[in-house]
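Engineer: Just passing along the structure, written as structure tokens.
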Amino acid sequence: MSMISDNLASVKAQIHSACVEFARTPRDVQLLAVSKTFPAQAVREAYAAGQRAFGENYIQEGAEKTLALADLPDLEWHMIGPIQSNKTRLVAEHFHWVHSVDRLKIAQRLSEQRPDTLPHLQVCLQVNVDGGANKSGCLPSEALAMAQEIAQLPRLQLRGLMVIPEPAPDFVAACTAFMPARELFISIKQKINGVDTLSMGMSADLRAAVKEGSTMVRVGTAIFGARV
Ligand SMILES: *Cc1c(COP(=O)(O)O)cnc(C)c1O
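Position one of the sequence shown corresponds to residue 0 (numbering that gives the first Met the number 0), numbered consecutively onward.
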């Protein structure tokens with residue numbers, strides 16, 4: 000077995016044991032393999048081990064990887080990095096999901112530019128849950144209104160929220176950081192049809208994220224190794 004397939008098995012085991020520990024249903028927590036900075040060959044290895052959903056941070060790099068891997072059926076590409084408005088077309092044409100929509104203008108452009116030949120673009124609204132002034136994400140107080148507007152756009156399907164709190168020093172602190180996201184997600188899910196996704200948790204804090212209700216963990220380092 001390759002290192003990547005061993006790592007994938009170990010991450011899946013971690014997710015599974017967190018689900019058992021915190022009374023979550025394992026199939027309710029999806030694994031997004033974050034392949035940013037790693038070559039297409041690394042994605043092929045993960046694919047051979049059964050992984051289908053991959054996350055990319057940089058639009059140009061991600062779009063190129065989708066083309067280089069177009070021969071693999073059933074791949075699902077997620078954009079999780081910042082989106083400049085002059086790059087929305089690449090995202091609308093090459094990705095299945097976007098987690099990092101943080102303003103209405105970006106959502107409107109993605110909807111206008113989503114080709115009719117493709118299914119709706121699946122979208123999460125990124126929320127800046129810990130309020131850092133120069134971080135991406137809308138304010139928690141703006142999230143419901145913005146989610147309602149995004150849900151009206153014709154070529155998008157609003158699926159939920161993404162959060163990236165500051166790295167926490169330990170499990171308890173990570174849980175505390177994730178808690179507001181959990182509450183916001185529950186309240187938006189009750190108000191908007193089709194919302195089912197809380198994109199939350201990475202290699203270092205996935206156990207806390209599962210405890211606090213994540214439905215999709217985004218894991219890079221623990222699968223592909225350290226990035227240079
Ligand atoms: C890089 C990245 C990840 C993966 O982080 P790891 O610590 O390598 O697991 C998850 N989410 C986002 C938004 C990222 O940019």
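From the three backbone atoms N, C-alpha and C, an ideal C-beta is built for every residue, glycine too. Note that the structure is predicted; figures quoted are calculated from it, not measured.
(1) Please name the residue in ASP195, ARG158 and LEU66 whose C-alpha comes closest to that of HIS119.
(2) Give me every residue whose Cβ sits closer than 5 Å to any heavy atom of ligand 1, in chain order.
(3) Whole angstroms is fine: what's the gap from ALA173's alpha carbon to ASP129's?
(4) Would you say ILE3 and GLU63 are within 7 Å of each other, going by their C-beta atoms?
(5) Which value, in whole angstroms, describes the spacing of the CA atoms of PHE184 and PRO153?
(6) Going along the chain, which unbroken runs of the alpha helix (DSSP H) with 4 or more residues stay wholly within the segment 8-35?
(7) Using a Cβ-Cβ cutoff of less than 6 Å, which residues in the same chain neighbour LEU205 once the five nearest sequence positions on both sides are dropped?
(8) If you follow the beta strand (DSSP E) that MET215 is in, where does it begin and where does it stop?
(9) Does the segment 12-20 come into contact with the segment 205-214, if we say contact requires no fewer than three beta-carbon pairs (one atom in each stretch) closer than 8 Å?
(10) Beta strand (DSSP E) containing THR196: first to last residue?
(11) Give the C-beta separation of GLU55 and TRP76 to the nearest angstrom, bearing in mind that I take them to be a contact with Cβ-Cβ under 8 Å.
(12) Taking the C-alpha atoms as reference points, what is the distance between SER16 and VAL28?
Structural biologist: Here's the rundown:
(1) ARG158
(2) VAL33, ASN56, ILE79, MET201, SER202, ARG217, VAL218, GLY219 and THR220
(3) 12 Å
(4) no
(5) 22 Å
(6) none
(7) VAL216
(8) 215-218
(9) yes
(10) 196-198
(11) 7 Å
(12) 12 Å
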